[in-house]
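Asker: Mind having a look at this structure? Questions to follow.
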Amino acid sequence: DLSLKDCATVVYDEADRLFEMGFALQIREVVRACAPGRQSLLFSATLPRGLAEFARAGLRDPEVLRLDAETKLSDELRMA
């Protein structure tokens with residue numbers, strides 16, 4: 150048995166693709182299995198309705214950081 154009760158951080162990368170591929174139920178199971186005080190990070194190129202609903206219901210005090218095509222990047226930004 151795998152226990153996630155002591156998991157402190159969960160990262161959902163390409164979350165939109167996970168939902169598109171039908172993993173919504175499994176993602177919710179992971180959320181329920183983890184400690185309530187964990188840190189959750191969700192990364193997605195798009196925010197479809199199902200993912201937005203999950204973020205509102207499954208994440209505590211979610212913050213959205215958005216980079217739109219119209220947003221200008223700082224000239225000071227450098228790739229590492």
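Counting from 150, one number per residue, gives the positions in the sequence shown under the numbering used here.
From the three backbone atoms N, C-alpha and C, an ideal C-beta is built for every residue, glycine too.
Please read these numbers as outputs of a predicted model, since none were measured by experiment.
Under 8 Å, do LEU294 and ALA164 count as touching if we go by C-beta distance?
Answerer: The chain is shown only over 150 to 229; residue 294 falls outside these bounds and no answer can be derived.
Asker: Does the Cβ of PHE192 have 16 or more other Cβ atoms within 10 Å, making it buried, or fewer, making it exposed?
Answerer: exposed
Asker: Please name the residue in ARG187, CYS183, ARG209 whose C-alpha comes closest to that of LYS154.
Answerer: Distance from the Cα of LYS154 is smallest, within the candidate group ARG187, CYS183, ARG209, for CYS183.
Asker: What is the residue span of the alpha helix (DSSP H) that LEU167 lies within?
Answerer: 164-169
Asker: From MET170, ALA229, TYR161, pick the residue whose C-alpha is nearest to that of ALA204; which is it?
Answerer: Selection MET170, ALA229, TYR161 evaluated against ALA204 yields TYR161 as nearest (Cα-Cα).
Asker: Start and end of the alpha helix (DSSP H) containing LEU174?
Answerer: 173-182
Asker: From LEU167 to ALA194, what does the alpha carbon distance come to, in whole angstroms?
Answerer: 12 Å
Asker: What number of angstroms, rounded off, separates the C-alpha of LEU190 from the C-alpha of PHE172?
Answerer: 17 Å
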